[in-house]
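If you use our numbering, the sequence shown corresponds to residues -9 to 441, in order. All C-beta atoms, glycine included, are put in the ideal place defined by N, C-alpha and C. Quick caveat: nothing in here was measured; it's all calculated off a predicted structure.
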Amino acid sequence: MAQSRILVVDDEALIRWSLSERLSEEGHLVAAAEDGAAAVKSVELEPPDLILLDYRLPDTTGIELLRQFRQSIPDVPVILMTGHSSVEHAVSAMREGAFHYAVKPLNLEEIAVLAEKALESRRLRTEIKALRQSSSAPYAFEQIVGESTPMQRVKRLMRKIAMTQASTILLTGESGTGKDLAAKAIHYNSDRKDRPFMNITCSALQETLLESELFGHERGAFTDAKRQKKGLLEQAQGGTVFLDEIGETTPGMQSKLLRFLEDKTFKRVGGATDVKVDVRVIAATNRDLPADVRAGQFRQDLYYRLTVLPIELPPLRDRVGDVPRLLQFFIARFNEEFRKRIVGVTADAMAALGEYGWPGNVRELRNAVERAMLLADGDELGVDDFMMLLGAPVLEAGRFELPAAGIDLEQVEQDFVRQALERTGGNRTKAAKLLAISRDQMRYRVEKFGL
Ligand SMILES: Nc1ncnc2c1ncn2[C@@H]1O[C@H](COP(=O)(O)OP(=O)(O)OP(=O)(O)O)[C@@H](O)[C@H]1O
Ligand SMILES: [Mg+2]
């Protein structure tokens, strides 16, 4: 992470000095001001990324200054430092838009943690803004959160495939792993991005309807066909067609799709002439297609045609290291939507959520955060806020210790693995079970981290 600039405003030299020392240790660049006037001047000279502001200043109050900064530099978080007896100042500070407050005498460790969180929130806010500004932004690969090894691999693969001429791609993965998101990201990062992205859920329509939706129909093809209609494949000319839930299609539809994928030509329903289109087909399924092939429910030749370029979205339980980042991501999103100011989750909650198996994957996590944020009273989400999800058994299984500002994900993952091994006396099979990952993944991580 880039070096951050922090401004400390306090009239006591000792406080300025100790905060500067402690925050410099974290690698930040710290400037100090002894009163309001000096603070304003420093901000005008070069706006910092974070301000630590004393309530009582010789020439003004922290609240006054806070109000002023909310106007001039609204994106810069401010932490207000108040005296022991003035909790009401803290409350009004929050109301005025302070990121947080700290009560004197200051606990330097707490301040350091708080500062990291504030800086992280500023970084996320800046990122969100930047993303909004570029046009294909909502589907930038950066919007696909995940720095775990499997996600990095998947994102690398998607980037590569997006830019190729590849005409058929298969996305697999459990429900909620991000297949829809991936399909859009591939389209909007390909040179087809200015052409249509058409989406159809195969399971939602009966075979005949699906057929005429996809291929279109000629006038008089059936009773209601008053005139010729172009199907999605024609409408998407030059773009991408996303065939979602392809595993649910009937045998008849499967053979029609196969014929189409072979040479990108088809006949409209009731038509005699071949229509040729240039579209990329991205198919997706959360089913185990090889098993369906074995069971005779899915055509083997279609399966082979589709799996020329397969991309498998890994389940969340296989990448627990991504959980903290996903939490941060959705907290930032819902902070914006709900106009809340949640700073993160408690260490307890983080630990419990890391252990949770996430059967509904990222969708479940997103919904859990949304619900927790609607219910939360404080500014951190605690175990109680996720209670419905976690239930008793998980919590009783014991908690993993984690720093609250657990943002170094490699470190978080390593911590999970180490603690799981400690708790199971080094038994990898049991430790893998505890983390809800496979033994192979356990072995891989043990080797990667040299544990
Ligand atoms: N890696 C990710 N980063 C950010 N958001 C994600 C990620 N993966 C999934 N999501 C979000 O989670 C939700 C579910 O994802 P999505 O709809 O893409 O899942 P899916 O794999 O298509 O599931 P299904 O098989 O049920 O259709 C969406 O809101 C999506 O934006
Ligand atoms: Mg989907």
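**Report entry** From ASP181, LYS169 and GLU208, residue whose alpha carbon lies closest to that of ILE236
**Finding:** Per the C-alpha coordinates, the member of ASP181, LYS169 and GLU208 positioned closest to ILE236 is LYS169.
Query raised in the report: Using CA coordinates, which residue listed in GLY311, GLN287 and VAL333 is at the minimum distance from TRP348?
Result: Selected option, being the one with the closest Cα: GLY311.
Query raised in the report: Which class does LYS31 belong to by DSSP, given the choice of helix, strand or coil?
Result: DSSP places LYS31 in the helix class (H, G or I) of the three-state scheme.
Report task. Please classify ARG429: is it buried, with 16 or more other beta-carbons within 10 angstroms of its beta-carbon, or exposed? Result -> Burial call: exposed.
Report task. Go through its chain and collect everything with a Cβ distance to ASP49's Cβ below 7 Å, but skip five positions before and after it. Result -> Excluding the 5 residues flanking it on each side, ASP49 has same chain C-beta neighbours closer than 7 Å at ASP25, GLY26 and ALA27, in chain order.
Query raised in the report: Using a threshold of 6 Å, is the CB atom of LYS174 nearer than that to any non-hydrogen atom of ligand 2?
Result: Within 6 Å of the C-beta of LYS174 there is not a single heavy atom belonging to ligand 2.
Requested in this report: Taking only heavy atoms of ligand 1 into account, decide whether any of them is closer than 6 Å to the Cβ of THR297.
Outcome: Outside the cutoff, so no.
Query raised in the report: Do ASP170 and ligand 1 come close, with the Cβ less than 6 Å from some heavy atom?
Result: Checking every heavy atom of ligand 1 against the Cβ of ASP170, one is found closer than 6 Å.
Query raised in the report: Hey, VAL267 and LEU199: beta-carbon distance below 7 Å or not?
Result: The criterion of a C-beta distance shorter than 7 Å is not satisfied by VAL267 and LEU199.
Query - CA nearest to the CA of LEU43, picked from ILE53, THR263 and PRO37 - result: The residue with the shortest Cα to Cα distance from LEU43 is ILE53.
Query raised in the report: At what residues does the alpha helix (DSSP H) containing HIS177 begin and finish?
Result: Following the DSSP letters along the chain, one finds HIS177 inside the alpha helix (DSSP H) bounded by residues 169 to 178.
Report task. Ignore the nearest five residues each way along the sequence and tell me which others in ALA464's own chain have a CB closer than 6 Å to its CB. Result -> No information on residue 464 is available, as it lies outside the stretch -9 to 441 that the chain covers here.
Query raised in the report: So what does GLU446 bridge to, in DSSP terms?
Result: Here the chain has residues from -9 to 441 only, and residue 446 is not among them.
Query - Start and end residues, alpha helix (DSSP H) containing VAL20 - result: Taken as a continuous stretch (DSSP letters only), VAL20 belongs to no alpha helix (DSSP H), being part of the beta strand (DSSP E) at 19 to 23.
Requested in this report: Decide if the region 230 to 248 is in contact with the region 291 to 301; the criterion is three or more beta carbon pairs, one per stretch, under 8 Å apart.
Outcome: The region 230 to 248 vs the region 291 to 301: in contact.
Query raised in the report: Opposite TYR91 in the DSSP bridges: which residues?
Result: In the DSSP output, where bridge partners are listed per residue, TYR91 has LEU70.
Query - Whole-angstrom C-beta distance between GLY229 and GLY206, which should lie under 8 Å - result: GLY206 to GLY229, Cβ: 16 Å. No contact.
Query raised in the report: Whose C-alpha, out of ARG115, LEU40 and LEU13, is nearest the C-alpha of GLU100?
Result: Between GLU100 and the set ARG115, LEU40 and LEU13, the nearest pair of CA atoms involves LEU13.
**Report entry** Residue interval of the beta strand (DSSP E) (run including PHE439)
**Finding:** Per DSSP, PHE439 belongs to no beta strand (DSSP E); it is in the alpha helix (DSSP H), 429 to 439.
**Report entry** Residue from LYS150, ASP234 and ALA3 with nearest C-alpha to ALA194
**Finding:** Minimum Cα distance to ALA194 is reached at ASP234.
Query raised in the report: When DSSP labels each residue in this structure, what does LEU392 get in the three-state scheme?
Result: Because LEU392 sits at a pLDDT of 40, beneath the cut-off of 50, its placement in the model cannot be relied upon, and the following sentence gives the value as read from the coordinates. Coil.
Report task. Whole angstroms is fine: what's the gap from ILE427's alpha carbon to GLY344's? Result -> Between ILE427 and GLY344, the C-alpha separation is close to 12 Å.
Query raised in the report: Should MET153 be labelled buried (16 or more other beta-carbon atoms within 10 Å of its own) or exposed?
Result: Classification of MET153: exposed, given that the 10 Å Cβ count is below 16.
**Report entry** Simplified DSSP assignment, three categories, for ASP39
**Finding:** Judged by DSSP in its simplified three-state form, ASP39 adopts coil rather than helix or strand.
Query - Residue interval of the alpha helix (DSSP H) (run including THR198) - result: Counting along the chain, the unbroken alpha helix (DSSP H) around THR198 starts and ends at 197 to 205.
Query raised in the report: Looking only at its own chain, which residues have a Cβ that is under 6 Å from the Cβ of VAL135, when we skip the five neighbours before and after it?
Result: Once the five neighbours on either side are set aside, the close Cβ partners of VAL135 are ARG315, LEU316 and PHE319.
**Report entry** Buried or exposed (CB count within 10 angstroms, at least 16 for buried), ASN417
**Finding:** With fewer than 16 other CB atoms across the displayed protein chains lying within 10 angstroms of its CB, ASN417 is exposed.
Query - Cβ-based neighbour list, THR240, same chain, cut-off 8 Å, excluding 5 preceding and 5 following - result: Non-local beta-carbon contacts of THR240 in its own chain, meaning distances under 8 Å to residues more than five positions away in sequence, involve GLU197 in chain order.
Query raised in the report: By DSSP, does ALA422 sit in helix, in strand, or in coil?
Result: In the three-state reduction of the DSSP assignment, ALA422 falls in the helix class.
Requested in this report: Answer yes if the region 161 to 168 comes into contact with the region 332 to 342, meaning at least three C-beta pairs across the two stretches below 8 Å, and no otherwise.
Outcome: The answer is no - the region 161 to 168 does not touch the region 332 to 342, with fewer than three Cβ pairs under 8 Å.
Query - Residues that ILE(-4) bridges to, as DSSP identifies them - result: Residue pairing by DSSP puts ILE(-4) in a beta bridge opposite VAL20 and LEU40.
Query raised in the report: In three-state terms, what does DSSP make of PRO349?
Result: DSSP places PRO349 outside both helix and strand once states are collapsed to three, so it counts as coil.
Query raised in the report: If we count the other Cβ atoms within 10 Å of its Cβ and call it buried at 16 or more, is VAL81 buried or exposed?
Result: Exposed, by the Cβ-count rule.
Query raised in the report: When the Cα of ALA102 is compared with those of LEU40, VAL66, THR72 and ALA3, which residue comes out closest?
Result: Checking every option, the nearest Cα to that of ALA102 belongs to LEU40.
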